[in-house]
Ligand code: HEM
């Protein structure tokens, strides 16, 4: 008889939970909110193997019996994670088609061309912080970590300035796995209303932005068939780029600031140039990955895994990127230690295989720029509360803080 670990929907101690899961083996049996059984994959090696295995799909419509038979309903708190129709939940040729439409906007070269703009937005935000009186307590999440990625992704998508705050709140709601079904449903209604209005306005007045490009791909391809995208895929692709491209980066910046402020000798290494801001970004991604758990994948066939277990065809599979970052076999006995001098930087925080993160170059660039800007502007930056007083966000997917109170100078 196997132990089954019940996932805490509110993710109040993701580190302890990942350790418990890892102790259950490379593939741990878990109960998701709503009594949905799944596996949580905890080992770096097994994640790499399953994420490059064609017998593992993210497409619930074709490969999850519970979804196909209607046992998974819109009231389920993770419904949107499996029901959206975009590259995130697509398999095989559909995945290639949907990813190909967006990928050119996020290549390393295209991302590099955004550097000056990201630096400009960051400089404006830091100037705003300078204007505050010395000794003021500032929430660095609200004043820097959140507005930077939101503004960058909204400019890329051509989202008008006046709807950005609403959109930001609605995207936060996508990750709030501790929220009630009513709150989650209301949040999705808001989100789709904003996205539908955005598409309608770009259809009428196209701009030089990614939303207009996707609308053109959709409308221009109506009679060319398979290479185009449906209206639903268009909306869900926008939702994906907004949610994947924003919330995760907020937490990367916040988690990196937290890690450096609570590990002064590592911060001193960067200040003395024996380590770089990029090292800080990579170690943060391993040690405190913004995406702790990723729902969901499905076994297309029976899959035998190390330790003698068999993941049966139709079983749901979650990936624990948090456990992977702290995998003792992969990163050694001190895997739990934040250490900028760690030679192995090949973490899984951006996923692996065909679904690996499209926005990794952008996220890395934004975080590197934000860290150097804030730490160089404020050499005495410090937390305004004890680390134990920081509250995690209400999610077992997102790994970050609700607020990051600091004193700048
Ligand atoms: C710190 C920041 C980020 C982290 C930790 C992160 C993490 C991830 C992870 C783990 C996946 C793989 C999901 C899976 O297991 O299937 C993923 C996919 C994805 N990410 Fe990111 N991400 C970040 C930033 C971004 C940004 C800035 C964008 C840009 C818009 C973005 C766009 C995407 C997209 C479109 C996918 C889906 C790819 C596919 O299914 O083919 N992400 N991300």
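Numbering (my numbering), first residue to last: 55 to 463. Each residue gets a CB set at the ideal place from its N, CA and C atoms; glycine is no exception.
For residue i, which beta-bridge partners are listed by DSSP?
i           : result
residue 436 : 461
residue 372 : 94
residue 85  : 60 and 91
residue 455 : 446
residue 111 : 352
According to DSSP, simplified to helix, strand and coil, what is residue i?
i           : result
residue 117 : helix
residue 280 : Its pLDDT being 42, under 50, residue 280 is placed unreliably by the model, and the measurement read from it follows with that caveat. Here residue 280 sits in coil by DSSP.
residue 193 : strand
residue 348 : strand
residue 318 : helix
residue 401 : coil
residue 450 : coil
residue 175 : helix
residue 247 : helix
residue 69  : helix
residue 421 : helix
residue 364 : strand
residue 207 : helix
residue 358 : strand
residue 336 : helix
residue 241 : helix
residue 309 : helix
residue 380 : coil
residue 150 : helix
residue 163 : helix
residue 130 : coil
residue 265 : helix
residue 285 : helix
residue 406 : coil
residue 300 : helix
residue 465 : With the chain represented from 55 up to 463, any question about residue 465 goes unanswered, as that position is not in the structure.
residue 441 : helix
residue 136 : helix
residue 123 : coil
residue 234 : coil
For the candidate residues the options, whose alpha-carbon lies nearest to that of residue i?
i           : options               : result
residue 323 : 429, 245 and 298      : 429
residue 394 : 82, 401, 138 and 320  : 320
residue 452 : 427, 344 and 431      : 344
residue 352 : 251, 295, 120 and 148 : 120
residue 169 : 299, 421, 98 and 265  : 421
residue 188 : 349, 384 and 435      : 435
residue 439 : 211, 415 and 462      : 462
residue 294 : 265, 108, 91 and 126  : 265
residue 90  : 425, 361, 350 and 456 : 350
residue 242 : 183, 273, 297 and 427 : 297
residue 291 : 134, 114 and 400      : 134
residue 153 : 167, 65 and 271       : 271
residue 285 : 246, 313 and 318      : 246
residue 61  : 330, 348 and 104      : 348
residue 198 : 98, 104 and 424       : 424
residue 87  : 171, 460 and 372      : 372
residue 69  : 433, 413 and 380      : 380
residue 99  : 449, 413 and 375      : 375
residue 444 : 460, 355, 219 and 450 : 460
residue 447 : 263, 366, 357 and 226 : 226
residue 405 : 106, 202 and 115      : 106
residue 409 : 96, 104 and 171       : 104
residue 39  : 316, 232, 217 and 287 : Because the chain in this structure spans residues 55 to 463, residue 39 falls outside the shown range and cannot be described.
residue 314 : 299, 301 and 333      : 333
residue 312 : 101, 256 and 194      : 194
residue 414 : 456, 244 and 300      : 300
residue 253 : 214, 164, 129 and 126 : 214
residue 360 : 59, 101 and 433       : 101
residue 82  : 426, 122, 382 and 365 : 365
So with Cβ pairs under 8 Å, would you call residue i a contact of chain D?
i           : result
residue 408 : The chain inventory of the structure shown lacks chain D, comprising one protein chain alone.
Three or more beta-carbon pairs under 8 Å between the region 381–389 and the region 128–140, yes or no? no
Contact between the region 329–346 and the region 297–305: three or more CB pairs below 8 Å? yes
Quick one: any contact between the region 395–413 and the region 170–178, if contact means 3 or more CB pairs under 8 Å? no
Taking three-plus beta-carbon pairs below 8 Å as touching, is the region 368–386 in contact with the region 145–152? no
Does the pairing of the region 71–87 with the region 105–119 give three or more beta-carbon distances under 8 Å? no
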